[in-house]
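The structure appears right after this line, and notes come after that.
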Amino acid sequence: MSLRAAVAVRRGTLDLAVDLEVADGEVLAVLGPNGAGKSTLLRVLAGLLPPDDGVVVVDGRTWDGDGVHLEAFRRSLGMVFQDALLFPHLSVADNVAFGLRTRGTAKAAARAAAEAWLERVGLAGTGGRRPAELSGGQAQRAALARALVGGPALLLLDEPLSALDARTRLVVRAELRRHLADFPGSTVLVTHDPVDALALADRVVVVEDGRVVQAGTPEEIARRPRTDYVARLVGLSLLPGTGEGSQVRLDGGATVAVAEHATGPVFAAVRPESVALYVARPEGSPRNVWRARVVGATPHGATVRCDLAGEVPLVADVTATAFAELGLTVGAEVWATVKATEVAVYTR
Amino acid sequence: MSRHDGARVPAPLLVPAALGVLFLALPLVGLLVRTPWSQLGTQLGAPGVGEALRLSLVSATLATAVSLLLGVPLAWVLARSRARGRTVLRALVTVPLVLPPVVGGVALFLVLGRQGIVGSWLDEAFGVTIPFTTTAVVIAATFVAMPFLVISVEGALRAADARFEDVAATLGAGRWTTFRRVTLPLVAPGVAAGAVLCWARALGEFGATITFAGNFPGTTQTMPLAVYLALQRDPDAAIVLSVLLLAVSLATLLLLRDRWLGRATA
Numbered sequence: 001m002s003l004r005a006a007v008a009v010r011r012g013t014l015d016l017a018v019d020l021e022v023a024d025g026e027v028l029a030v031l032g033p034n035g036a037g038k039s040t041l042l043r044v045l046a047g048l049l050p051p052d053d054g055v056v057v058v059d060g061r062t063w064d065g066d067g068v069h070l071e072a073f074r075r076s077l078g079m080v081f082q083d084a085l086l087f088p089h090l091s092v093a094d095n096v097a098f099g100l101r102t103r104g105t106a107k108a109a110a111r112a113a114a115e116a117w118l119e120r121v122g123l124a125g126t127g128g129r130r131p132a133e134l135s136g137g138q139a140q141r142a143a144l145a146r147a148l149v150g151g152p153a154l155l156l157l158d159e160p161l162s163a164l165d166a167r168t169r170l171v172v173r174a175e176l177r178r179h180l181a182d183f184p185g186s187t188v189l190v191t192h193d194p195v196d197a198l199a200l201a202d203r204v205v206v207v208e209d210g211r212v213v214q215a216g217t218p219e220e221i222a223r224r225p226r227t228d229y230v231a232r233l234v235g236l237s238l239l240p241g242t243g244e245g246s247q248v249r250l251d252g253g254a255t256v257a258v259a260e261h262a263t264g265p266v267f268a269a270v271r272p273e274s275v276a277l278y279v280a281r282p283e284g285s286p287r288n289v290w291r292a293r294v295v296g297a298t299p300h301g302a303t304v305r306c307d308l309a310g311e312v313p314l315v316a317d318v319t320a321t322a323f324a325e326l327g328l329t330v331g332a333e334v335w336a337t338v339k340a341t342e343v344a345v346y347t348r
Numbered sequence: 001m002s003r004h005d006g007a008r009v010p011a012p013l014l015v016p017a018a019l020g021v022l023f024l025a026l027p028l029v030g031l032l033v034r035t036p037w038s039q040l041g042t043q044l045g046a047p048g049v050g051e052a053l054r055l056s057l058v059s060a061t062l063a064t065a066v067s068l069l070l071g072v073p074l075a076w077v078l079a080r081s082r083a084r085g086r087t088v089l090r091a092l093v094t095v096p097l098v099l100p101p102v103v104g105g106v107a108l109f110l111v112l113g114r115q116g117i118v119g120s121w122l123d124e125a126f127g128v129t130i131p132f133t134t135t136a137v138v139i140a141a142t143f144v145a146m147p148f149l150v151i152s153v154e155g156a157l158r159a160a161d162a163r164f165e166d167v168a169a170t171l172g173a174g175r176w177t178t179f180r181r182v183t184l185p186l187v188a189p190g191v192a193a194g195a196v197l198c199w200a201r202a203l204g205e206f207g208a209t210i211t212f213a214g215n216f217p218g219t220t221q222t223m224p225l226a227v228y229l230a231l232q233r234d235p236d237a238a239i240v241l242s243v244l245l246l247a248v249s250l251a252t253l254l255l256l257r258d259r260w261l262g263r264a265t266a
């Protein structure tokens, strides 16, 4: 185990208590809404904020705990912030060389290492420029080079892609993935974007209100969310209930027919594209038919995402054409159907 | 939306603004109009003028240097430390700004004079007397001018993004290295602006100087004192000296503006 941390911080309304373990070469994503305490967690790991309680151990060395608080500048770490935060008064190369210089590397050697890293992140030839002359994506690449050049034991990424525009984000995310694969130390990535977490991480912990509410591989998180927040992020409707064999009785009273055998407390999860909407009660006998009211409709590419209220709260994706043909509006009464085979069931 | 380019100024603002400009500019114009340009050479060559000018420049520069040395760290403490009593500290720093300089001079005299708390000790222990020396000129100028620097640098420090200091820490920079290599360069324009203000204030210092340092040609008679003295015996000489002082301040401001202050507003 390369990073082991159990961190508790209480300040103001925030009550953070999170345990983490990250192996060498592993990328852990901390996913959560704003205000969940993710950035505070990262500041503690960085040594910028002493925890009220807990331990941070990296490569067997105690950074926090047992009365020890190693200050940030004595920790072997690299950190990338949301806004690249390149020092505006230094050239790009001097920015990248900064960490080497403070740790005693000679000027020429630091400069050479910086240039090599700039080339590695695709910024060859920009070393002489001022940070203001770089685009957002370039600045974030330089910030990554600056964080990695010293070969830290721990890499901390604080929303590294969220300040970038959608197209740049796609490109930089792919590059970041490549660099993370080459990075031998532990990485903790904080993000509120599930795509970042799913694309970059080996494991994900979901933090809400200062607590880990779910942990697992990106696939597990995406397929079997355990909280509404995660379900919404990955685009699932999460229906908690009790398994009764071939059906799940929801906590609200309605029943959902399922294909698998279910018992005890379970989640039933439904993907928006599995939900079909009808104005009149559909013919035939689908087992899952519920009355619902459209309470929200947002265009989502070629589809319209409809929030449904009723005995079974669902999200449905219908094509824009169907949305128009059905004459759907907010407030419209509809019938929603889902095939039993399209309902995922897993224990709570 | 274009911002205010060629925006019409409302009359209720235009009239007072114009009056304000007149009020500030007229005395300077008057000074230049009344200047006996033909006598300029002889007046400037008069004995004592060079000495006074040199003393003024040297003491203003020394006062600025001392202010930088003490004032920048003080500004950092005011802007960054969470120590209690910071409000009291800021009030103390601001007092010399609002204090009449003559009162400042009296206060300095009471502390550093031969009978003063610190002065008597300096006299007994080292045989050092401060009042009525060039050192006193520098001390008086520093006392009245340093707050300008402190306020200016503190403002710059508050405006600077403290996250850069976090970044520096994650890159292995201790507090001193961070201050030297990140914080100070970030606020350099503010420091420069503060130093210019401080220097200008020190150059013009009169009240505290004449009270604490006296008016001895060659050792404590700075330009403002020389101007005041000259006005009583030879108004033309006073005008020439004033124009000289004006020219020196303007030249310094313009020179530094191009080099430093332009960047602060860029």
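Going line by line, the protein sequences match chains A and B. In terms of UniProt numbering, the first sequence is residues 1 to 348. In terms of UniProt numbering, the second sequence is residues 1 to 266. Backbone N, C-alpha and C define an ideal beta-carbon position, used for all residues, glycine too. Note that the structure is a prediction, hence the values are computed from the model and not measured.
Is Gly128 of chain A close to chain B, meaning its C-beta is less than 7 Å from at least one C-beta of that chain? no
Cβ-Cβ distance between Met79 of chain A and Ala114 of chain A below 7 Å: No, the pair does not count as a contact, with Cβ atoms beyond the cut-off.
When the Cα atoms are used, what is the spatial distance from Arg75 of chain A to Thr170 of chain B? 7 Å
Reduced DSSP category for Gly30 of chain B - H, G, I as helix; E, B as strand; rest coil: helix
Of the choices A:Ala297, A:Arg281 and A:Gly296, whose alpha-carbon is the least far from that of Asp290 of chain A? Residue identity differs from the one stated: residue 290 of chain A is Trp in this sequence, not Asp. When each option's Cα is compared against that of Trp290 of chain A, the closest is A:Arg281.
Leaving aside the five residues before and after Met1 of chain B along the sequence, list all residues of the same chain whose C-beta is less than 8 Å from its C-beta, in chain order. Confidence is the limiting factor: at Met1 of chain B the pLDDT is only 46, short of 50, which leaves the residue's position unreliable and the question unanswerable from this model.
Measure the CB-CB distance between Pro225 of chain A and Val234 of chain A and report whether it falls below 7 Å. yes
Under the three-state DSSP convention, the category Val318 of chain A falls into: strand
Unbroken alpha helix (DSSP H) run spanning Asp182 of chain A, endpoints: Counting along the chain, the alpha helix (DSSP H) containing Asp182 of chain A begins and ends at Ala166 to Asp182.
Per-residue DSSP class, three states only, for Ala124 of chain A: Reduced to three states, the DSSP call for Ala124 of chain A is coil.
Give a yes or no on whether the C-beta atoms belonging to residue 349 of chain A and Gln140 of chain A are separated by under 7 Å. For residue 349 of chain A there is no data in the structure shown, the boundaries of chain A being 1 and 348.
Under the three-state reduction of DSSP, which class applies to Ser2 of chain B: helix, strand or coil? Caution applies to Ser2 of chain B, whose pLDDT of 47 falls short of 50 and renders its modelled position unreliable; the model cannot decide the point.
Does DSSP put Leu253 of chain B in a helix, in a strand, or in coil? helix
Got a sec: is the Cβ-Cβ distance from His192 of chain A to anything in chain B below 7 Å? Cβ-Cβ to chain B under 7 Å: no for His192 of chain A.
Is the distance from the Cβ of Ala251 of chain B to the Cβ of Arg201 of chain B below 7 Å? No, they are not a contact pair.
Could you tell me whether any Cβ in chain A is nearer than 7 Å to the Cβ of Ala266 of chain B? Here Ala266 of chain B scores only 38 on pLDDT, less than 50, and its place in the model should not be relied on; the value that follows carries that caveat. False, the Cβ-Cβ gap to chain A never drops below 7 Å.
Should Asp166 of chain B be flagged as near chain A, meaning a C-beta pair shorter than 7 Å? yes
Hey, Ala84 of chain A and Trp117 of chain A: beta-carbon distance below 7 Å or not? no
For Asp53 of chain A, which residues in the same chain have their Cβ closer than 7 Å to its Cβ, ignoring the five residues on either side in sequence? Ala8
Between which two residues does the beta strand (DSSP E) carrying Val18 of chain A extend? Leu14 to Val22
Residue nearest to Val318 of chain A in terms of C-alpha spacing, selected from A:Ala174, A:Val57, A:Ser2 and A:Thr337: A:Thr337
Determine the direct distance from the alpha carbon of Ala195 of chain B to that of Leu255 of chain B, and round the result to whole angstroms. If I take the Cα positions, the gap works out to 13 Å.
Would a C-beta distance cut-off of 7 Å place Val182 of chain B and Thr35 of chain B closer than the cut-off? Taking 7 Å as the Cβ cut-off, Val182 of chain B and Thr35 of chain B do not qualify as a contacting pair.
What residue does the beta strand (DSSP E) around Phe267 of chain A start on, and which one ends it? Thr255 to Val270
Taking all protein chains shown into account, decide if Pro184 of chain A is buried (16 or more other Cβ within 10 angstroms of its Cβ) or exposed. exposed
Under the rule that 16 or more other beta-carbon atoms within 10 Å means buried, what is Thr265 of chain B, buried or exposed? Low per-residue confidence applies at Thr265 of chain B: pLDDT is 44, beneath 50, and the placement is therefore not dependable enough to give any value.
Leu68 of chain B and Val138 of chain B closer than 7 Å at C-beta: In this structure, Val138 of chain B does not lie closer than 7 Å to Leu68 of chain B by Cβ.
Residue from A:Leu48, A:Ala215 and A:Gly25 whose Cα sits closest to the Cα of Ala162 of chain B: A:Leu48
Who are Tyr278 of chain A's beta bridge partners in DSSP? A:Trp335
Taking the continuous beta strand (DSSP E) assigned at Arg291 of chain A, which residues delimit it? Val289 to His300
The beta strand (DSSP E) with residue 349 of chain A in it runs from where to where? The question about residue 349 of chain A has no answer here: the residues shown for chain A are numbered 1 through 348.
Going by the beta-carbon positions, is the gap between Ala46 of chain B and Ala226 of chain B smaller than 7 Å? no
Could you tell me which of B:Thr178, B:Arg233, B:Glu154 and B:Gly204 sits nearest to Val77 of chain B, measuring between CA atoms? B:Glu154
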